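Below is one structure; the comments refer to it alone.
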Amino acid sequence: MTTNGEKCLLGLIKLFYSYSTSDGDYKYLSNSEVKTLIEKEFDAFSAKNEEEAAEINKIIAPMDENKDGKCDFAEFVKYVSAIAILTNSIGQ
20 MTTNGEKCLL GLIKLFYSYS TSDGDYKYLS NSEVKTLIEK EFDAFSAKNE EEAAEINKII
80 APMDENKDGK CDFAEFVKYV SAIAILTNSI GQ
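The sequence shown maps to residues 20 to 111 in this note's numbering.
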């Protein structure tokens, strides 16, 4: 039987690969894939206007820690963790 924690981990993995394959390189998310993922999966964190887009770009930019122009799985997990921490702090 799969635990809730295992389901969460598997869900993150599936989420990453469901978007990373659209540009052909399944090991990385391109900038366009990151934006699409955020818009579709984290709507509350997607831009509703240009000002919000600038703020989101400030959050997205550090995802690419090694500055290679793409987001690997480790960088993606750090970003999702940041969203979880932010969401938790807002809810308290």
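All C-beta atoms in this analysis are idealised placements derived from N, C-alpha and C, irrespective of residue type, glycine included. Predicted model only: the values in this text are computed from it and were never measured.
- Message: So if DSSP puts K90 in a beta bridge, which residue, or which two residues, is it bridged to?
- Response: Looking at the sequence itself, residue 90 is Cys, so the reference to Lys does not match. DSSP lists L48 as partners of C90.
Practice problem: Could you tell me whether the segment 42 to 49 touches the segment 71 to 91, using the rule of 3 or more Cβ pairs below 8 Å? | Solution: yes
task = Rounded to whole angstroms, what's the CA-CA distance from N23 to G30? Just pull it up for me.
result = 10 Å
Between the Cα of A80 and the Cα atoms of Y38, Y98, E69, E25, which residue gives the shortest distance?
Y98
Item checked: Straight-line Cα distance separating E25 from V53 -> 24 Å
Worksheet entry | Integer-rounded CB distance, given that Y38 should sit under 8 Å from T21 | That belief does not hold up - the Cβ atoms of T21 and Y38 are roughly 23 Å apart, past 8 Å.
- In whole angstroms, what is the alpha-carbon distance linking Y36 and V96? 12 Å
So for S41, helix, strand or coil by DSSP? coil
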